[in-house]
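Enquirer:
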Amino acid sequence: MSRLAMVTYSVALMLMLGWLLQAGQSIVLPVLVGIIAVYILTTAAEALVRVPVLGLLPRRWRRLLVLLAFTFAVLVLAGFITSNAAAISGAIPGYAENFDKLQDKLINMLGVHELPSWANLGERLLDLVDATTLMPAALATISNGGTVIVGAALYAVFILAELDNLPNKTRHAMGDPERAEHALEMARKINEKIGGYLAAKTLVNVILAFVSYGILLLLGIEQAAFWAILIGLLNYIPYIGSIIAVVFPVTMSLVQFASFGHTALALVTLMVPQIAVGYYIEPKFLGRSVNLSPFTVLLSLAIWTALWGMMGAILAVPLTAMVMIILAEIPNARFIAVMMSESGDL
1108 MSRLAMVTYS
1118 VALMLMLGWL
1128 LQAGQSIVLP
1138 VLVGIIAVYI
1148 LTTAAEALVR
1158 VPVLGLLPRR
1168 WRRLLVLLAF
1178 TFAVLVLAGF
1188 ITSNAAAISG
1198 AIPGYAENFD
1208 KLQDKLINML
1218 GVHELPSWAN
1228 LGERLLDLVD
1238 ATTLMPAALA
1248 TISNGGTVIV
1258 GAALYAVFIL
1268 AELDNLPNKT
1278 RHAMGDPERA
1288 EHALEMARKI
1298 NEKIGGYLAA
1308 KTLVNVILAF
1318 VSYGILLLLG
1328 IEQAAFWAIL
1338 IGLLNYIPYI
1348 GSIIAVVFPV
1358 TMSLVQFASF
1368 GHTALALVTL
1378 MVPQIAVGYY
1388 IEPKFLGRSV
1398 NLSPFTVLLS
1408 LAIWTALWGM
1418 MGAILAVPLT
1428 AMVMIILAEI
1438 PNARFIAVMM
1448 SESGDL
């Protein structure tokens, strides 16, 4: 087969896979989230070995305990986000006077003393963010995410129940012991890379959320816990997630205090920990755990976001790392994995 034909067939296969992933989102996405959740849960369950009393439990019970704790935490978090989104949406109309102050300050800064077309700026902004537009969007996002998480939790339960028997099933299914061990070794590589990455990333995001919460409290920004959690969650999205996360509380500072100085202070103080995380803490904790080049990360972020929206953006790095590891084990596709990697060393 010529190289041109191989490239053509590969492109056609990728397009078909993309269509299937988008069309089958309601089925495929919960399964993939469940598999990735298993990586996190097994890593956390192994970490419980060092905890007194809990470390004495059988491996299966430790995994079940971690799964229950994870599910409970997600449900509590979803309820907290919903209630705070409602509170923020209800409080926005109360800042109508601040909108007018901001409008006057901006007009004075521009040196314009009469601008009739801006007279209803505050009302228009309030119309854009009132409860009838903000809350349905927030609730729809939370509802969709909740549906995926509930489905993923169910899949994770059954995967965990069969996890200990998976090596024997793989050996019997393949027949050839060498091929079976090769497949199990690939699964171990994925488990090591993805589990380690997600565990370290979660720890970094929790630290970032606590630091941001302290800054938000010192600045007096309302709903500080909500914004801090949002910053921690959005930091799962590489590169742009942290920037998007800071925009929301900074905007809240502008609306709440009607002060450009306070807003600038909020922007600077919130960006400092983001920069520290991006340029020092994450490289130190995560290192080259997934070995993906920055270009690959950005491209995967665009592709997975186009396919699955916010959930795809959050899962972009672990999913792409899984694809790279699988491609590295296929001789004809290994060069793609090499190009995807950061250093070219697989």
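For the sequence shown, my numbering begins at 1108 and goes up steadily by one. Each residue gets a CB set at the ideal place from its N, CA and C atoms; glycine is no exception.
Of all Cβ atoms in chain B, is any one closer than 7 Å to the Cβ of A1180?
Expert: This model lacks chain B altogether; it includes just one protein chain.
Enquirer: Does the segment 1351–1368 come close enough to the segment 1403–1416 to have 3 or more Cβ pairs within less than 8 Å?
Expert: no
Enquirer: Taking the alpha-carbon positions, what's the S1190 to M1429 distance?
Expert: Their Cα atoms are separated by approximately 36 Å.
Enquirer: Can you tell me where the alpha helix (DSSP H) with I1432 in it begins and where it stops?
Expert: 1401–1435 is the extent of the alpha helix (DSSP H) around I1432.
Enquirer: Taking 8 Å as the limit between beta carbons, can you name the residues of its chain near I1347, skipping five residues before and five after?
Expert: L1408
Enquirer: Where does the unbroken alpha helix (DSSP H) through S1366 begin, and where does it stop?
Expert: Counting along the chain, S1366 falls outside any alpha helix (DSSP H), and DSSP gives it neither H nor E.
Enquirer: Can you check DSSP and say which residues form a bridge with S1448?
Expert: L1399
Enquirer: Would A1226 be called buried (16 or more neighbouring beta carbons within 10 Å of its own) or exposed?
Expert: Because A1226 carries a pLDDT of 46, less than 50, the predicted location of this residue cannot be relied on, and the following value inherits that uncertainty. Classification for A1226: exposed.
Enquirer: Assuming Q1132 contacts W1334 (C-beta within less than 8 Å), just tell me the rounded distance between them.
Expert: Between W1334 and Q1132 the Cβ distance is about 29 Å, and since that is not below 8 Å, they are no contact.
Enquirer: In terms of alpha-carbon separation, which member of E1269, V1397, I1338 lies closest to G1303?
Expert: V1397
Enquirer: Three or more C-beta pairs under 8 Å: does that hold for the segment 1255–1270 against the segment 1166–1178?
Expert: yes
Enquirer: Using 8 Å as the cut-off, can you tell me whether the segment 1337–1346 makes contact with the segment 1299–1316, which would need three or more C-beta pairs spanning the two stretches below that distance?
Expert: yes
Enquirer: Quick one: measure Cβ to Cβ for P1425 and I1301, integer angstroms, because I've assumed they're closer than 8 Å.
Expert: 5 Å
Enquirer: Can you give, in chain order, each stretch of the alpha helix (DSSP H) that sits fully within the segment 1251–1327 and has at least 4 residues?
Expert: 1273–1281, 1284–1326
Enquirer: Should A1373 and V1357 be called a contact, given that it needs their Cβ atoms to be closer than 7 Å?
Expert: yes
Enquirer: Take A1144 and list the residues in its own chain whose beta-carbon comes closer than 6 Å to its own, dropping the five residues that flank it on each side.
Expert: A1259, A1263
Enquirer: Quick one: what's got a C-beta closer than 6 Å to A1287's C-beta in the same chain, skipping five residues either side?
Expert: T1277, R1278, M1281
Enquirer: For P1159, which three-state DSSP category applies?
Expert: coil
Enquirer: I need the straight-line Cα distance from L1235 to A1151, nearest angstrom please.
Expert: Caution applies to L1235, whose pLDDT of 47 falls short of 50 and renders its modelled position unreliable; the model cannot decide the point.
Enquirer: Give me the Cα-Cα distance between L1127 and G1368, rounded to the nearest whole angstrom.
Expert: 50 Å
Enquirer: Are the beta-carbon atoms of A1435 and A1444 separated by less than 7 Å?
Expert: yes
Enquirer: If I'm right that V1255 touches L1136 with Cβ under 8 Å, what's the distance once you round it to whole angstroms?
Expert: 6 Å
Enquirer: Give the straight-line distance between the Cα atoms of L1261 and T1370, rounded to the nearest whole angstrom.
Expert: 44 Å
Enquirer: Return the chain-ordered list of same chain residues with a C-beta closer than 8 Å to the C-beta of G1141, the five sequence neighbours on each side being excluded.
Expert: G1258, A1259, A1260, L1261, Y1262, A1263, I1266
Enquirer: Under 7 Å, do Y1146 and N1298 count as touching if we go by C-beta distance?
Expert: In this structure, N1298 lies closer than 7 Å to Y1146 by Cβ.
Enquirer: What is the C-beta distance between T1376 and L1305, in whole angstroms, given that I count them as a contact (C-beta under 8 Å)?
Expert: In fact, because the Cβ distance is near 28 Å, the residues do not count as touching under 8 Å.
Enquirer: What do you reckon, are the CB atoms on L1155 and L1148 nearer than 7 Å?
Expert: no
Enquirer: Name the two residues that bound the continuous alpha helix (DSSP H) containing P1165.
Expert: P1165 -> no alpha helix (DSSP H), and no H or E assigned at all.
Enquirer: For a test of the three-state rule: what should DSSP assign to I1344, helix, strand or coil?
Expert: coil
Enquirer: Roughly how many angstroms lie between the CA atoms of G1419 and G1125, to the nearest whole one?
Expert: 13 Å
Enquirer: Measuring CB to CB, does I1432 end up less than 7 Å from K1308?
Expert: Going by C-beta atoms, I1432 is not nearer than 7 Å to K1308.
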